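In order, the protein sequences belong to chains A and B.
Under our numbering, the residue at position 261 of the first sequence is numbered 261, and the numbers go up by one with no gaps.
Position in the second sequence (first residue = 1) + 365 = our numbering.
The structure appears right after this line, and notes come after that.
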Amino acid sequence: MQRELVSFPLSPAVRVKLVAAGFQTAEDILEVKPSELSKEVGISKEEALETLQILRRECLTDKPRCAGTSVASKKYTALELLEQEHTQGFIITFCSALDNILGGGIPLMKTTEVCGVPGVGKTQLCMQLAVDVQIPECFGGVAGEAVFIDTEGSFMVDRVVTLANACIQHLHLIAGTHMDEEHQKALEGFTLENILSHIYYFRCHDYTELLAQVYLLPDFLSNHSKVQLVIIDGIALPFRHDLDDLSLRTRLLNGLAQQMISLANDHRLAVILTNQMTTKIDKNQALLVPALGESWGHAATIRLIFHWEQKQRFATLYKSPSQKESTIPFQITPQGFRDAAVTASSSQTSSSNLRKRSREPEEGC
Amino acid sequence: MSNKKLRRVGFSQELCDRLSRHQIVNCQDFLGLSPLELMKVTGLSYGGVHELLYMVSRACAPQMQTAYELKMRRSNEQSPAFLSTTLSALDEALHGGVACGSLTEITGPPGCGKTQFCMMMSVLATLPTNMGGLEGTVVYVDTESAFTAERLVEIAECRFPLYFNTEEKLLLMSSKVHLHRELSCEAVLQRLESLEEEIISKGVKLVIVDSIASVVRKEFDPQLQGNIKERNKFLAKQASLLKYLAEEFSLPVILTNQITTHLSGALPSQADLVSPTDDLSPSEGPGRKQDLLWASQSEYLKILILLILNLSRKVGSKGFHEWEVIYH
């Protein structure tokens with residue numbers, strides 16, 4: 001191999017000594033035995049052995065790359081990708097309008113960012129998706145498991161129990177009309193205990209724990225191969241108040257974004273991140289924009305922004321590589337994330353004071 | 366966890382010394398560097414650096430729990446999940462009362478009864494569990510000097526005349542409420558940081574901060590550009606401290622906030638009374654950002670209660686009778 005030494009991941013001290021001893025390319029070193037190398041260069045025998053092992057490993061993986069056919073390199077034709085996309089599942093949100101604008105639901109193998117003001121429903125959507133990802137395949141789901149990384153402490157188990165029960169009831173209604181073996185069997189496995197046991201919860205208190213957890217995720221995912229959804233609820237919070245150094249923050253966030261994308265691709269799962277909103281002063285006007293700056297806007301593939309307009313919640317698909325920009329209304333019922341009610345719901349409060357947010361009247365399931 | 370010193374992670378002394386020469390002492394410093402920088406600093410190969418990263422990540426990453434385990438733990442816990450407010454409509458709206466392990470914010474116009482509410486909750490927290498209390502002590506951080514012990518005793522006496530039938534019991538109850546008067550942001554922060562030890566040593570079951578807004582508004586003028594950042598930092602630090610205490614010790618934490626008036630559109634005569642977290646109109650100036658940051662701390666864990674008092678009703682000697690509850 002004619003590859004130069006500088007391009008190998010050797011430790012800097014060893015590399016400097018090798019170059020000083022006159023070795024320029026990998027080929028020169030591979031001919032030499034470890035003990036001879038150590039004597040000539042002035043490094044320990046263990047270091048020499050490690051160097052040779054690194055070089056050999058790198059050269060082996062290089063060869064297939066040169067030959068042009070490799071399992072390791074991810075090369076597809078657009079046709080193969082098209083077939084893959086057709087068979088790929090979506091994670092439904094139970095709000096048909098939202099599923100429609102997303103093209104079927106939250107797509108797998110992509111990172112989706114959900115931004116919104118506090119209280120608009122980002123965590124509700126995350127909890128809903130953690131339940132929905134487990135819907136069996138015969139009911140149109142992906143039958144996967146979920147990882148929930150919580151940085152804000154807003155995960156409420158009781159709420160997930162309510163959502164899961166509502167989902168189970170909903171599926172029972174559907175199964176009632178189908179009556180076949182497959183559906184009945186799938187329903188047996190879809191119990192509250194199973195649903196809750198397949199949501200893996202991590203509570204990170206600051207950005208260091210978040211970075212550590214994301215670093216360890218690939219190992220975790222290899223052990224839990226059925227995970228199809230990774231949720232990071234609150235990617236903004238740990239980075240907004242503890243970090244004074246903005247360049248460090250940008251670097252860490254970009255690294256995180258890259259890791260998320262590679263996780264989504266390697267393990268074929270969907271990644272959801274929730275973000276906060278911040279005010280931007282623009283020509284004496286205060287605008288609400290997603291937090292973490294302009295460069296973070298490039299991180300996620302798909303961006304959803306939730307906002308209020310009078311008493312109705314709206315979701316806007318702001319950025320997507322394949323779907324059109326659009327806005328739809330939605331609501332959050334006791335059963336979870338749902339389509340907005342068609343008729344105007346009456347306010348529950350008797351006060352005449354203006355309240356922007358009122359719970360929709362409880363409707364029977 | 367992020368402050369864990371690298372020495373305790375299992376690094377060799379030599380490596381620790383080498384790293385400390387570059388000011389890398391704990392996990393936070395280590396994980397903030399890129400692999401290339403780490404290679405330069407430690408003198409190891411790429412594989413070696415990844416092994417170190419793995420060790421450090423293992424040391425500070427959180428434990429995994431399934432949602433099922435969380436649920437089981439909650440139902441097995443001896444302590445109650447809510448502190449009932451004894452106002453049936455409010456309890457129903459909150460699904461049980463003030464939630465333990467969460468922050469609850471009470472907001473309203475001046476004079477509507479926020480401090481009275483806090484005093485009532487203090488009495489309730491000291492009651493034994495068979496009466497709906499938490500049987501513990503209360504930490505009351507008062508930034509407005511609005512707390513009066515006489516009123517506390519009056520509420521207790523009139524509300525529970527059968528229980529507080531002797532002078533002794535009243536005095537005992539009042540000795541369980543620990544009042545801290547803090548009048549500056551710095552003092553509040555210091556008090557919150559030292560709260561953990563107090564909670565453990567005195568068996569505290571309720572923390573009240575009345576109010577968070579007054580110190581902030583006194584010290585940070587939102588018109589000055591640099592102040593917004595400082596104010597945000599302070600609010601965020603405060604919120605994360607309180608959240609940590611609430612979660613760690615399963616305490617209810619009650620905060621009171623003030624409101625700001627927002628004049629909507631071209632109708633200056635009709636002022637919408639809106640809570641700071643509600644105000645989303647673009648006509649507001651730089652004041653928006655910090656309120657949003659505070660509000661964004663209040664994700665589901667923090668439940669916002671807006672008490673808009675019908676001004677014709679007087680707060681009786683028993684505390685509160687009926688309230689119009691508008692919640693979100």
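No residue lacks a Cβ here, since even glycine has one placed at the ideal position from N, Cα and C.
Quantities reported herein were computed from a predicted structural model and do not represent experimental measurements.
What's the C-alpha gap between residue i and residue j?
i: Ala-552 (chain B); j: Glu-519 (chain B); result: 30 angstroms
i: Met-348 (chain B); j: Pro-617 (chain B); result: Here chain B has residues from 366 to 693 only, and residue 348 (chain B) is not among them.
i: Lys-479 (chain B); j: Met-486 (chain B); result: 11 angstroms
i: Ile-10 (chain A); j: Thr-51 (chain A); result: Looking at the sequence shown, residue 10 (chain A) is not Ile but Leu. Their Cα atoms are separated by approximately 7 angstroms.
i: Arg-582 (chain B); j: Glu-558 (chain B); result: 21 angstroms
i: Pro-427 (chain B); j: Ile-149 (chain A); result: 10 angstroms
i: Ile-668 (chain B); j: Glu-470 (chain B); result: Unreliable placement is indicated for Ile-668 (chain B), whose pLDDT of 47 sits below 50; the coordinate value is still reported in the next sentence. About 6 angstroms.
i: Ser-440 (chain B); j: Leu-607 (chain B); result: 23 angstroms
i: Val-406 (chain B); j: Ser-377 (chain B); result: 15 angstroms
i: Ser-422 (chain B); j: Leu-398 (chain B); result: 13 angstroms
i: Cys-392 (chain B); j: Leu-409 (chain B); result: 18 angstroms
i: Ser-540 (chain B); j: Pro-526 (chain B); result: 18 angstroms
i: Ser-579 (chain B); j: Arg-338 (chain A); result: 39 angstroms
i: Leu-210 (chain A); j: Asn-254 (chain A); result: 14 angstroms
i: Arg-383 (chain B); j: Leu-248 (chain A); result: 22 angstroms
i: Ala-446 (chain B); j: Ala-490 (chain B); result: 13 angstroms
i: Gln-2 (chain A); j: Ala-26 (chain A); result: 6 angstroms
i: Thr-621 (chain B); j: Leu-536 (chain B); result: 26 angstroms
i: Lys-319 (chain A); j: Val-390 (chain B); result: 41 angstroms
Hey, would you say residue i sits closer than 8 angstroms to residue j, going by beta carbons?
i: Tyr-201 (chain A); j: Phe-155 (chain A); result: yes
i: Phe-330 (chain A); j: Cys-95 (chain A); result: yes
i: Leu-292 (chain A); j: Leu-304 (chain A); result: no
i: Ala-340 (chain A); j: Leu-229 (chain A); result: no
i: Ala-13 (chain A); j: Val-41 (chain A); result: no
i: Ile-624 (chain B); j: Ile-573 (chain B); result: no
i: Pro-118 (chain A); j: Ala-270 (chain A); result: no
i: Glu-55 (chain A); j: Leu-30 (chain A); result: In the sequence as displayed, the identity of residue 55 (chain A) is Leu instead of Glu. Yes, Cβ-Cβ distance for Leu-55 (chain A) and Leu-30 (chain A) is below 8 angstroms.
i: Gln-134 (chain A); j: Ile-174 (chain A); result: no
i: Leu-98 (chain A); j: Ile-328 (chain A); result: yes
i: Glu-145 (chain A); j: His-224 (chain A); result: yes
i: Leu-237 (chain A); j: Glu-152 (chain A); result: yes
i: Leu-187 (chain A); j: His-170 (chain A); result: no
i: Thr-111 (chain A); j: Ile-235 (chain A); result: no
CB of residue i to nearest heavy atom of the ligand FAD: below 7 angstroms?
i: Gly-498 (chain B); result: The model depicted lacks the ligand FAD and carries no ligand whatsoever.
Which residues does DSSP pair with residue i in a beta bridge?
i: Asn-391 (chain B); result: B:Lys-370
i: Phe-337 (chain A); result: A:Ile-332
i: His-545 (chain B); result: B:Val-506
i: Ser-326 (chain A); result: A:Leu-317
i: Pro-107 (chain A); result: A:Phe-90
i: Leu-620 (chain B); result: B:Glu-470 and B:Val-574
i: Leu-79 (chain A); result: Beta-bridge pairing links Leu-79 (chain A) to no other residue.
i: Val-227 (chain A); result: A:Glu-145
i: Gln-430 (chain B); result: A:Tyr-201
i: Arg-303 (chain A); result: A:Glu-113 and A:Lys-319
i: Ala-291 (chain A); result: Per DSSP, none; premise fails for Ala-291 (chain A).
Looking only at C-alpha atoms, which of the options sits nearest to residue i?
i: Ser-510 (chain B); options: B:Val-569, B:Pro-474 and B:Gln-481; result: B:Gln-481
i: Leu-82 (chain A); options: A:Leu-192, A:Phe-337, A:Ser-326 and A:Ser-322; result: A:Ser-322
i: Gln-588 (chain B); options: A:Ala-166, A:Gly-22, A:Ile-281 and A:Ala-21; result: A:Ile-281
i: Thr-278 (chain A); options: A:Leu-129, A:Cys-204, A:Gln-213 and A:Glu-294; result: A:Glu-294
i: Asn-368 (chain B); options: A:Gly-141, A:Ala-212 and A:Ile-92; result: A:Ala-212
i: Gly-103 (chain A); options: A:Val-230, A:Pro-12 and A:Glu-85; result: A:Glu-85
i: Thr-451 (chain B); options: B:Arg-596, B:His-415 and B:Val-488; result: B:Val-488
i: Ala-264 (chain A); options: A:Pro-334, A:Pro-218 and A:Glu-182; result: A:Pro-218
i: Lys-226 (chain A); options: A:Leu-252, A:Lys-17, A:Cys-204 and A:His-198; result: A:His-198
i: Leu-417 (chain B); options: B:Tyr-433, B:Thr-431 and B:Phe-395; result: B:Phe-395
i: Ile-564 (chain B); options: B:Leu-403, B:Gln-590, B:Glu-613 and B:Val-390; result: B:Glu-613
i: Lys-567 (chain B); options: B:Gln-590, B:Asp-575, B:Val-542 and B:Ser-549; result: B:Val-542
i: Gly-412 (chain B); options: A:Ile-92, A:Phe-8 and A:Leu-18; result: A:Phe-8
i: Gly-498 (chain B); options: B:Lys-570, B:Ala-432 and B:Leu-435; result: B:Lys-570
- In the region 75-108 of chain A, which residues sit with their C-beta less than 9 angstroms from some C-beta in chain B, listed in chain order? none
- Would you list, in chain order, the members of the region 426-437 of chain B that have their beta-carbon closer than 7 angstroms to a beta-carbon of chain A? Listed by position, the residues of the region 426-437 of chain B near chain A (Cβ gap below 7 angstroms) are Ala-426, Pro-427, Met-429, Gln-430, Thr-431, Ala-432, Tyr-433, Leu-435 and Lys-436.
- Task: Determine which residues of the region 389-400 of chain B have a Cβ less than 8 angstroms from any Cβ of chain A, and write them out in chain order.
- Result: Cys-392, Gln-393, Leu-396, Gly-397 and Ser-399
- Using a Cβ-Cβ cut-off of less than 7 angstroms, give me the residues of the region 436-466 of chain B that come near chain A, in sequence order. For chain A, the residues of the region 436-466 of chain B that bring a beta carbon within less than 7 angstroms of one of its beta carbons are Lys-436 and Arg-439, in chain order.
- May I ask you to list, following chain order, the residues of the region 6-32 of chain A that have a beta carbon less than 8 angstroms from some beta carbon of chain B? Pro-9, Leu-10, Ser-11, Pro-12, Ala-13 and Val-14
- Item | chain A contacts from the region 572-591 of chain B (Cβ-Cβ distance under 9 angstroms) | Listed by position along the chain: nothing, the set is empty.
- Message: For the region 483-504 of chain B, list every residue whose C-beta sits within 9 angstroms of some C-beta in chain A, in sequence order.
- Response: none
- Query: the region 41-54 of chain A: which residues have C-beta closer than 7 angstroms to a C-beta of chain B, in chain order?
  - Reply: Glu-50 and Ile-54
- Task: With 9 angstroms as the limit, tell me which residues of the region 302-320 of chain A have their beta carbon closer than that to any beta carbon of chain B; keep them in chain order.
- Result: His-307 and Trp-308
- In the region 159-170 of chain A, which residues sit with their C-beta less than 8 angstroms from some C-beta in chain B, listed in chain order? Arg-159, Val-160 and Val-161
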